[in-house]
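Read the structure below first, then the notes.
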Amino acid sequence: MYEGIIQELIDELGRLPGIGPKSAQRIAFHILQTETYDVTRLAEVLLEIREKVRFCEICGNVAEEATCSICRDPRRSPATICVVEEAKDVVAIERTREFRGLYHVLGGAISPIDGVGPDDLRIRSLVQRLADGVVTEVIIATDPNLEGEATATYLTRLLVQPNLRVTRLASGLPVGGDLEYADEVTLGRAFEGRRLVQH
Ligand SMILES: [Zn+2]
Numbered sequence: 001m002y003e004g005i006i007q008e009l010i011d012e013l014g015r016l017p018g019i020g021p022k023s024a025q026r027i028a029f030h031i032l033q034t035e036t037y038d039v040t041r042l043a044e045v046l047l048e049i050r051e052k053v054r055f056c057e058i059c060g061n062v063a064e065e066a067t068c069s070i071c072r073d074p075r076r077s078p079a080t081i082c083v084v085e086e087a088k089d090v091v092a093i094e095r096t097r098e099f100r101g102l103y104h105v106l107g108g109a110i111s112p113i114d115g116v117g118p119d120d121l122r123i124r125s126l127v128q129r130l131a132d133g134v135v136t137e138v139i140i141a142t143d144p145n146l147e148g149e150a151t152a153t154y155l156t157r158l159l160v161q162p163n164l165r166v167t168r169l170a171s172g173l174p175v176g177g178d179l180e181y182a183d184e185v186t187l188g189r190a191f192e193g194r195r196l197v198q199h
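Note that UniProt numbering has the sequence shown beginning at 1, numbered continuously upward.
Put into structure tokens, the structure is as follows:
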């Protein structure tokens, strides 16, 4: 335990996902030794992020405007929608450069234990996006774990409509894991080898 404000900083950092007590301590001491300018910039960004970042009205991805840069990009194909759990999964898939369509961010996965049902996710807006028939393929890219599989199964049953292919990323992704932790090559291959789950 450190005194006062240093321990407070370590405690706050330690509450962030993926940061254990040792990392929190290391970051805290790094901040202590950093030039004032850098610390001010970090503090500013932390304050600004809540004000500036919002969620795309179309796909639910993070955006600085009403819609995200991917939805606004005319070079992206509107015929394919890749469904992911979180905005960070969009980043992971973009890194593979395998996908040139649009996304739909659910905002989580179905998890009865955590009290998350279909109505808590952005599923209705996904169905609305499919209404005009422009989309011909929905790629389900939920995480390869229990909740992700449950969500994929639910969507496969729900999205039955003429002229719509529903595909699922190929296996080979680390089971039980998070999509964002898959390396680019593995994720790229999972995209290429996606399988039809419903036609
Ligand atoms: Zn968007």
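Glycine is no exception: its CB is placed at the ideal position from the N, C-alpha and C atoms.
Fair warning: this is a prediction, and the values are worked out from it, not measured in the lab.
Does the Cβ of threonine 67 lie closer than 7 Å to at least one heavy atom of ligand 1? Result yes, Cβ under 7 Å from ligand 1.
Please give the ranges of any alpha helix (DSSP H) in the UniProt domain "Toprim" (79-174), keeping only runs that are unbroken, at least 4 residues long and fully inside the region. With a minimum length of 4 residues, the unbroken runs of alpha helix (DSSP H) contained wholly in the UniProt domain "Toprim" (79-174) fall at 87-96, 124-129 and 146-158.
Are valine 197 and threonine 151 closer than 8 Å when you measure CB to CB? The Cβ-Cβ distance between valine 197 and threonine 151 does not fall below 8 Å.
What separation, rounded to the nearest whole angstrom, lies between the Cα atoms of glutamine 7 and alanine 131? When rounded, the distance between both Cα atoms is 53 Å.
So what does glutamine 198 bridge to, in DSSP terms? Paired residues: Val166.
Run of the alpha helix (DSSP H) containing cysteine 71, from where it starts to where it stops: Per DSSP, cysteine 71 belongs to the alpha helix (DSSP H) from 69-72.
Consider the C-beta atom of alanine 63 and the heavy atoms of ligand 1; say whether any pair is separated by less than 7 Å. Yes - ligand 1 has a heavy atom lying nearer than 7 Å to the Cβ of alanine 63.
How many angstroms separate the CA atom of arginine 76 from the CA atom of leucine 179? So the alpha carbons of these two residues sit roughly 22 Å apart.
For proline 21, the first and last residue of its enclosing alpha helix (DSSP H): Its alpha helix (DSSP H) spans residues 21-32.
Is there at least one non-hydrogen atom of ligand 1 closer than 7 Å to the beta-carbon of cysteine 71? Within the cutoff, so yes.
Please report the Cβ distance between isoleucine 58 and valine 135, rounded to the nearest whole angstrom; I am assuming they are in contact, meaning their Cβ atoms lie under 8 Å. No, isoleucine 58 and valine 135 are not in contact; Cβ-Cβ is about 12 Å, not under 8 Å.
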